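**Q**
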Amino acid sequence: MSEVVGVGVGYGYGYGLGKSTAFILVLFILLVIITRSILF
Numbered sequence: 001m002s003e004v005v006g007v008g009v010g011y012g013y014g015y016g017l018g019k020s021t022a023f024i025l026v027l028f029i030l031l032v033i034i035t036r037s038i039l040f
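Just so you know, our numbering puts 30 at position 30 of the sequence shown, and the rest follows in order with no gaps.
#1: Could you check whether the Cβ of residue 32 sits closer than 7 Å to any heavy atom belonging to the ligand FMN?
#2: State the Cα-Cα distance for the pair residue 39 and residue 30, rounded to the nearest angstrom.
#3: Express the C-alpha separation of residue 14 and residue 8 in angstroms, rounding to a whole number.
#4: DSSP state of residue 41, grouped into three classes?
See below:
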């Protein structure tokens, strides 16, 4: 039973980490676009 819980927690953590990474990536892209629109 503990193995199933461990896998679930690991999967949930990995999923959350993936979502936060994608979120940071989107923010970075938006920042680049805004910076370019201001500079050029």
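Every residue gets a Cβ at the ideal spot worked out from N, C-alpha and C, and that includes glycine. Source: prediction; values computed, not measured.
**A** In short:
#1: For the ligand FMN, the structure offers nothing, since it holds no ligand at all.
#2: Looking at the two C-alpha atoms, the distance is approximately 14 Å.
#3: 10 Å
#4: Residue 41 lies beyond the residue range present for the chain, which begins at 1 and ends at 40; the question has no answer from this structure.
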